[in-house]
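Visitor:
In the numbering used here, the protein residues as written are 3 to 287.
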């Protein structure tokens, strides 16, 4: 789209006229889209940011949505039925429509949990297995920096192309999810040639949380960890998300700030690579 047609206003949320866009659902004032906006604009994809926490509408017309991106936030899937947060139920309904059509969705943090929930998977507190029979699982929130691994070798999964085990990622979640499952068709149709990746795939894991990232069907992706944050975004979480900060423990904020200085340059490259992979994947499939 020609630059001259963009009508972005920092006080508003649309930068295009009459075109489908990357619709970004933002759930909290301090949990913005970060590097997503410049990367998508570099590819000529218009941006439509819906700040649903302040009353922006969740879209209902699928023709306006080129891709749906659902960001993080302090709420959880348990709040979907809350009358205080009606946009969550509306978001789930929208995701379910997009899932049925295998239309592109990228969920990050809370957004990944909402996507898993919308696809029929269970979302629950992240926990370590019981140490012994009869004991309860130990709740294991994951906040701050931690490395992740990628089960796909080489370039066999386009979404995680260029990723290597031990990559530092920024985590900010207490819940996790089961992987969504596809129903088994009675008479599966032959795949197109060449076939795109389809089905349900675990894309990434960490020491504390097995199901860190997934692909469902062909065009639906969820990332439990954050791939979009800039340094100011990380600082905004530390300043504004009091519940999350409390889970860091004593000295946790200083530790995160120190590790951000150490990890951010590499993390920035990795997050940019993942988001670029996503855009290129959408163009290919």
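Every residue gets a Cβ at the ideal spot worked out from N, C-alpha and C, and that includes glycine.
Taking 9 Å as the cut-off, decide whether the C-beta atoms of residue 224 and residue 179 are in contact.
Guide: Result yes, Cβ atoms of residue 224 and residue 179 sit closer than 9 Å.
Visitor: Is the Cβ-Cβ distance between residue 183 and residue 123 less than 9 Å?
Guide: Residue 183 is a Cβ neighbour of residue 123, given a cutoff of 9 Å.
Visitor: Does the beta-carbon of residue 286 have 16 or more other beta-carbons within 10 angstroms, so that it is buried, or is it exposed?
Guide: exposed
Visitor: Just the Cα atoms here: how many angstroms apart are residue 207 and residue 153?
Guide: Straight-line Cα distance between these residues: approximately 8 Å.
Visitor: Would you decide whether residue 241 is buried or exposed? Buried here means 16 or more other CB atoms lie within 10 Å of its CB.
Guide: exposed
Visitor: So what does residue 109 bridge to, in DSSP terms?
Guide: 72, 224
Visitor: In three-state DSSP terms, what is residue 173?
Guide: In the three-state reduction of the DSSP assignment, residue 173 falls in the strand class.
Visitor: Could you pull out every residue in the same chain whose Cβ sits closer than 6 Å to the Cβ of residue 272, ignoring the five residues on either side in sequence?
Guide: 169
Visitor: Out of curiosity, what's the CA-to-CA distance linking residue 226 and residue 165?
Guide: 16 Å
Visitor: Here's a check: name, in chain order, each residue in its chain whose Cβ is nearer than 6 Å to the Cβ of residue 91, leaving out the five neighbours to either side.
Guide: 82
Visitor: Excluding the 5 residues preceding and the 5 following residue 87 in the sequence, name in chain order all residues of the same chain whose CB lies nearer than 7 Å to its CB.
Guide: 77, 81
Visitor: Quick one: grab the DSSP three-state call for residue 51.
Guide: strand
Visitor: How many Å lie between residue 280 and residue 57 at the Cα?
Guide: 28 Å
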